[in-house]
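2 protein chains.
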Amino acid sequence: MLGLMQDWPLVISKIIDYAASQHGSREVVTRSVEGPVTRSDYASVRRRALQVAQRLVREGISPGDRIATLAWNTARHLEAWYGITGAGAIYHTVNPRLFPEQIAWIIDHAQDRIVLVDLTFVPLLEALADKLPTVERYIVLTDAAHMPETKLRNAIAYEQWIGEVDGDFRWLDVDERAAAGLCYTSGTTGHPKGVLYSHRSNVLHSMALAAPDALGLASRSCILPVVPLFHANSWSIAFSAPMTGAKLVMPGARLDGASVFELLESEQVTCTAGVPTVWSMLLQYMEAEQRRLSSLQRLVVGGSAAPRSMIEKFEAYGIEVFHAWGMTEMSPVGSIGSIKPALGALRGDALIDVKCKQGFAPFTVEMKITDETGRPLPWDGKSFGRLKVKGPAVASAYYRSDDPILDEAGYFDTGDVATIDTNGYMSITDRSKDVIKSGGEWISSIELENLAVGHPDVAEAAVIGVAHPKWGERPLLVITPKPGRSPRSEDLLAFMSGKVARWWLPDDVQIVEALPHTATGKLDKVKLRERFRAHRLPSA
Amino acid sequence: MLGLMQDWPLVISKIIDYAASQHGSREVVTRSVEGPVTRSDYASVRRRALQVAQRLVREGISPGDRIATLAWNTARHLEAWYGITGAGAIYHTVNPRLFPEQIAWIIDHAQDRIVLVDLTFVPLLEALADKLPTVERYIVLTDAAHMPETKLRNAIAYEQWIGEVDGDFRWLDVDERAAAGLCYTSGTTGHPKGVLYSHRSNVLHSMALAAPDALGLASRSCILPVVPLFHANSWSIAFSAPMTGAKLVMPGARLDGASVFELLESEQVTCTAGVPTVWSMLLQYMEAEQRRLSSLQRLVVGGSAAPRSMIEKFEAYGIEVFHAWGMTEMSPVGSIGSIKPALGALRGDALIDVKCKQGFAPFTVEMKITDETGRPLPWDGKSFGRLKVKGPAVASAYYRSDDPILDEAGYFDTGDVATIDTNGYMSITDRSKDVIKSGGEWISSIELENLAVGHPDVAEAAVIGVAHPKWGERPLLVITPKPGRSPRSEDLLAFMSGKVARWWLPDDVQIVEALPHTATGKLDKVKLRERFRAHRLPSA
C-alpha cells in the first residue's frame, strides 16, 4: 500500500525557488574575476538562472545534454548551474588545474555541447579548441565591456547571451533521478572517470550537510566556500546555502591569504570550507599581519588531511576546526568531524586527537571497514581495513562505463584504508593501493611517512611496498633530505624505532634528490613503485 | 538520462540503523507509565524494534497492515513504531483523548489488526472492544509484573510478546513511497479523516525539521517532545532525534508543570516542543516555585497560537520561543518561527511581534495565499487569503476516500486564512470556514475575538457570520461575561471601535452563559452558527 503524500520531486530547481521565495534578499557576494566585489541575492540568482535556462533551450539544448563550466566560484557560475539543471541539462564542472590534455579528453568524453568559461581560462581553451569537436559554442562569463578578442567558436559574453531573453520561463519537469551534474575524478592511472550526480542525490546530500552536526547552516549563517564548485559540488555549498538562506560569499579567483582574510572579515563570514593549502596561506597571513577574524566560527577542512599544528592554531584563534572527508564519488562528503557529546568534555591534546580524525558519517551515509575478503572489521579504532560506503549520493557506476563498482551488498569501495573508533570517528590510514601487505598483515605507508618527516633532516618521505620472497612485500622508505642535510639510513630507522610495531619498520631506506608528484601535487607512488620495482631489499 | 547514483531508499529503518550505528549509546529516557524513570539508548531501541518486527511477522502481519497504538511518549512506543514500519506495516496512532465513539470508528475504519495500548487506556478499550471486530490481538505496553487482568482479546504484555523472539531479523524491503503511518484528523463536522504518511514523507520531513532554523538538532542536543507521538509524528521528533543522535526524553503520561519541569531540568534538556496548555502549566509552576531552567534553550510551541504574554515570559527566562504551525496533513510542520537575519536586530516588542506570527516555511514546504478565485495574493503582511501548501510531506488524499483535495496546481488548502509578510512570516488570521464574508471582503473572526477578550468584563468571545440581506454576512459577537460582571453591548462595541476598520465592527452582540466547545476544547462555531442561524441583526 502506498502512502498518500504529494509527489514533490527532489529536483534542484526547488532549492533556488525556495531561496528566492523565503530568502530572496539574502546576499550572494562575489569577488569578480574582473576585479571588484559585486553583490547579488537569491532572488536575482533565480531570475538570471531562468534566463540561462531559457537561453539554453533557445540554443537547442535538450534535457540530458552536457554543458561544461571552467570557472571560479562566482554568482554567475552559481546561476549557470541552476539555469543548466532547470533546463534539464547537466552541468559538467571541469577542473582547470588538470593537465590540458586531460581537460580536452574530459570535455570530449562528456561530449559537452557548450562551454561556459571564465576570462582566466580563455587562453587555455583557445589552445585546446581544436581537440574539442563536440563544443558548439563558448560563453565567456563576463559582460560585453570585458569581452576579450577570441577565436573560440561562436564565443559570446555571458551577459549579452542571457540578455537576449527575458527570463519568462518555467523550469522543465525532470525526474528526480535524472542526471544533473557531472564531475570527473582523475587518479594516477588510466583515464579520468565521470561521476554523474542526479537531482535527488544533490538535494539529499545538501539537506544532510545543512544539519547542525555538519555545516550547520541557518538563514543567519554566512558561508564562504573556498572549495571550488568544480570540486564535487563545492561540498554541497552551492545547494545547501540557498536551501537554508545562508549568505554566500564567493571568492572568485583570488585565494591567497590576504584576499581570503579580507572577504572573511568584511563580509562577516561565520563558516568556511576548503583545502589545507588555502588555510595554510590564511594562517601565514594572520600570523604575519597579527590579525584576527571577528566573525568566523567554523572552519571545515577537507581534500587532504590537515596538519595537527594547523588545527591547533585555528582553535587557538577561537575558530572551531572540523575535518571533512569524502570523494567525488560521494557528492562528495562522507564524514565530518563535529564533536559528539561523549567527547564533549575533551580539552587540549585529547580534543585535537579527535579533530585529526576524519569525523563521523552524517545521516544518509553508511560506512563499513572490511578485510580483504569483505568481512566487516570492528569499530575499535585499531582494526584497519578497506573503507566502503553506501548512500543516496554515492556513485553506482561511472559515466559511459560498464565496469561494476559496487560490492554484492551495494557498497562502493573508497580505495581508502581506515579505522573507525568506538565513537564512530573514521581515520584514514592509507590508500588501499599504497598499503603494504606483509605476511598477510597490513602496514600503513602514510603512518610511516608521517613518522619519517618528523626527523629534522627529512624534507619529504614516501613509503612503498617492495617484493620480498618470504613476506610478499616489505616497506621501503624513500626520502629527500632538507637542503644541506645528509641523514644516514640507520639514524632514520633508529628515529622511527619504538614509535611503531617493530615489524612495521622499513627494511631499507633510499635517499633521493626528488620524489615524483601528480598534477595535483600528491606523491606519485605509481611512478615510485615503477622506479624501485627491481629494488632488492637487504632482508630478501 | 538518469544519474548514476545508488538506489538508497528513504525508508524509516535507515533512521534507526543510523542512530544505532553512529549514536548507539545516546540515551532515550522515559518517565514510564508504571512510574519510574527508565533509561534506554538508540542501540537498544533498534534491537527491540527488530524484535517487534520479527514478532509481528510471526503474528501473521503483512506489509501494509495497520497496527494501532494508544500510547504516551515512551521508549516502548518509539521502538514499536520502528518495529512496525520495519516489518512493512503501518503504525496507526490513535488519539486517546477523542470521544470513545470516534476511537471505535477510527480503529474500525483503519481495520487495525493489532492494538498496542498503554496501561492507562486498557479500560477505555475494554469498554469499546465489542465495536472493534478487526482487532485480533491487544498488546499491553508493560511487562508481565504489571500486566493487568483483562478480557481484551488475546491480550499479552509487550515484554512477554517480544521476549518470544530473538531479534535476529532483517528489516523488510519496502518502497520509499509505501505507507508507514496513519493518523486521523477530526474536524467539527463529518467523520475523522485518515492521513497516510509514507516512509519517504517521514524521512524528508524529519531531515527538514532537524535543520538549524527548525528544531536545530545535533548529537549534543537533548529534546523532550511533550507533543505526543499520536499528534502527527510528534512534530517529527520520533524520527529527527535518532536521525541526529539527539538525546530523547520521553515524558510518558505526566504532563503537569512540576513533572515536565523536573525532567527538563534533571535530563538537561536543550529543546522542547508542545502545545500552549502544557507551557502554561509549566510557567505557572516556575512562577509559583520561583524556579528556573538551566539548560533549556529553545521552546517550540504549536497546536494553537501561544498568547503573547507566554512568549514574553519564557523569553524573559532566557528561553527562545518559536512558534511552529502545521497540521496532520502536513506531517505536520509547515512553518517555524526562528528569526531571519533581516530581523536579527529586533528587540523587545518588535521581536515579540514577529514571534507571535507562525513563522516561515522550511525547505520542502511551498506556501501561497490566494483569494477565493485561486489568484495568489501578495506577501505584504496585510492581504489575507486561503493558505495553501505543497510538499513531499503534504497529503494528496485521505485514506479510503476518493475526494480530491488538491487544487489544479497541486496545492492542499489548509482551511486556514493567513497573511504572509515581506520576510515570509505567515500569520494565521482565521479558519476559512469561520471568516466572515461581508460584501465580498473578508473579516477575521479571530482578530475580533482577540479584541473582545481584551475587555475587562469578557471571559470568552466568539464571532460568527450571520446572514445579512445586503452584505451577505455580517459579524455577530457572542460573549460570556466574567463572574459577577454584566457588560453592555454598546460598551463592548465602543471598546472595540477604532481598533479595527469601521466596517469590521460586529453588527450585534449577544451575551450568553456558555459557549459550545469541541472535544479538544476549541470553540465549536458550527454549533454556535446553528444556534444563531435565525438571528436577525438590527442592521438587516
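Residue numbers (my numbering), protein chains in the order written: chain A, 172 to 711; chain B, 172 to 711. C-beta: ideal position from N, C-alpha, C; glycine also. Note that the coordinates shown come from a computational prediction; the quantities given were computed from them, not determined experimentally.
Quick one: what's got a C-beta closer than 8 Å to residue i's C-beta in the same chain, skipping five residues either side?
i, result
"lysine 553 of chain A", "Thr590"
"asparagine 325 of chain A", "Glu307, Arg308, Tyr309"
"serine 738 of chain A", "Chain A is shown from 172 up to 711; residue 738 of chain A falls before or after that span and cannot be answered."
"aspartate 592 of chain B", "Lys528, Trp550, Asp551, Gly552, Ser598"
"proline 646 of chain A", "Ile607, Ser609, Ile614, Ser616, Leu619, Val634, Ile635, Gly636, Val637, Trp675, Leu676, Pro677, Asp678"
"lysine 653 of chain A", "Pro627, Asp628, Val629, Ala630"
Note down, in chain order, each residue of its chain lying with its Cβ closer than 6 Å to the Cβ of residue i, except the 5 sequence neighbours on either side.
i, result
"isoleucine 599 of chain B", "Gln529, Asp587, Ala589"
"glycine 445 of chain A", "Val397, Val398"
"methionine 224 of chain A", "For the sequence presented, residue 224 of chain A should be read as alanine rather than methionine. The answer, listed in chain order, is Gly254, Gly257, Ala258, Phe340."
"leucine 558 of chain B", "Ile540, Thr585, Asp587, Ala589"
"alanine 521 of chain B", "none"
"serine 710 of chain B", "Asp678"
"alanine 477 of chain A", "Pro447"
"leucine 470 of chain A", "Thr443, Phe485, Ile490, Val492"
"histidine 376 of chain A", "Ser407, Ser502, Ala564"
Sort out for me which residues DSSP pairs residue i with in a bridge.
i, result
"alanine 566 of chain A", "B:Met176"
"lysine 641 of chain B", "DSSP lists no partner for lysine 641 of chain B."
"histidine 494 of chain A", "A:Val472"
"phenylalanine 485 of chain A", "For phenylalanine 485 of chain A, which the question treats as bridged, DSSP gives no partner whatsoever."
"alanine 350 of chain B", "B:Ser369"
"tryptophan 762 of chain A", "Chain A is shown from 172 up to 711; residue 762 of chain A falls before or after that span and cannot be answered."
"proline 652 of chain B", "B:Val629"
"alanine 589 of chain B", "B:Gly556, B:Ile599"
"phenylalanine 583 of chain B", "B:Val560, B:Leu577"
"glycine 636 of chain B", "B:Pro646"
"threonine 356 of chain B", "B:Lys364"
"serine 668 of chain B", "B:Val671"
Closer than 7 Å by beta-carbon distance: list the chain B residues that pair up with residue i, in chain order.
i, result
"alanine 712 of chain A", "Here chain A comprises residues numbered 172 to 711, so residue 712 of chain A is not present and cannot be evaluated."
"glutamine 193 of chain A", "Phe531, Ala532, Gly595"
"tyrosine 262 of chain A", "None at all; the shortest Cβ gap to chain B is about 12 Å."
"leucine 388 of chain A", "Pro383"
"arginine 348 of chain A", "Leu173, Gly174"
"glycine 143 of chain A", "Given that chain A is displayed from residue 172 to residue 711, the structure contains no residue 143 of chain A and the question cannot be resolved."
What does residue i touch in chain A if you count any residue whose Cβ is under 7 Å from its own?
i, result
"serine 215 of chain B", "In chain order: nothing, as chain A lies at least about 16 Å away."
"glycine 530 of chain B", "Ordered by position in chain A, no residue passes the 7 Å Cβ test against glycine 530 of chain B, which lies about 11 Å from the chain."
"serine 451 of chain B", "Neighbours of serine 451 of chain B on chain A: none; closest Cβ ~29 Å, over 7 Å."
"leucine 686 of chain B", "Correct list: empty, because the minimum Cβ distance to chain A is about 35 Å."
Could you name the residues of the same chain whose beta carbon sits closer than 7 Å to that of residue i, not counting the 5 residues immediately before and after it, in chain order?
i, result
"alanine 379 of chain B", "Ala385, Pro533, Phe534, Thr535"
"glutamate 436 of chain B", "Leu464, Ser465"
"glutamate 250 of chain B", "Val216, Arg219, Ala220, Val223"
"glycine 556 of chain B", "Ile540, Thr541, Asp542, Leu548, Val588"
"leucine 299 of chain B", "Pro271, Ile274, Ala275"
Name, please, each residue of chain A whose Cβ falls closer than 8 Å to the Cβ of residue i.
i, result
"valine 565 of chain B", "Met176, Gln177, Trp179"
"methionine 318 of chain B", "Within 8 Å Cβ-Cβ: nothing; methionine 318 of chain B doesn't reach chain A, min ~32 Å."
"alanine 298 of chain B", "Residues of chain A passing the Cβ test: none, with the nearest at roughly 30 Å."
Against residue i, what residues of chain A qualify as contacts under a CB-to-CB distance less than 9 Å, listed in chain order?
i, result
"tyrosine 570 of chain B", "Leu175"
"arginine 391 of chain B", "Pro383, Asp384, Ser509, Ile510, Lys511, Pro512, Gly515"
Since residue i meets chain B, which of its residues come closer than 8 Å, beta carbon to beta carbon?
i, result
"glycine 562 of chain A", "Gln177, Trp179"
"serine 196 of chain A", "Ala513"
"serine 506 of chain A", "Per Cβ cutoff of 8 Å: no residues; serine 506 of chain A is ~10 Å from chain B at best."
Exercise. Please list the segments of the alpha helix (DSSP H) lying wholly inside the stretch 201-274 of chain A, counting only runs of 4 or more residues, in order along the chain.
Key: 213-229, 246-257
Quiz prompt | Inside the stretch 366-449 of chain A only - beta strand (DSSP E) runs reaching at least 3 residues | solution = 393-396, 418-421, 442-445
Self-check item: Contact between the stretch 237-245 of chain B and the stretch 420-431 of chain B (3+ Cβ pairs under 8 Å)
Solution: yes
Quiz item: Are three or more beta carbon pairs between the stretch 204-221 of chain A and the stretch 608-624 of chain B nearer than 8 Å?
Solution: no
Quiz item: Is there contact here, the stretch 562-573 of chain B with the stretch 473-490 of chain B, by at least three beta-carbon pairs under 8 Å?
Solution: no
Exercise. Scan the stretch 503-547 of chain B and note each continuous alpha helix (DSSP H) run of 4 residues or more that stays entirely inside, going in chain order.
Key: 519-526
Quiz item: Pairing CB atoms from the stretch 403-414 of chain B with CB atoms from the stretch 180-189 of chain B, are three or more of them under 8 Å?
Solution: yes
Quiz item: Counting pairs of beta carbons, one from the stretch 326-335 of chain B and one from the stretch 348-355 of chain B, are three or more of them closer than 8 Å?
Solution: no
Quiz item: Is there contact between the stretch 654-662 of chain B and the stretch 621-637 of chain B, where contact requires at least three CB pairs shorter than 8 Å?
Solution: yes
Quiz item: What are the complete alpha helix (DSSP H) segments, minimum 4 residues, inside the stretch 317-351 of chain A?
Solution: 329-334
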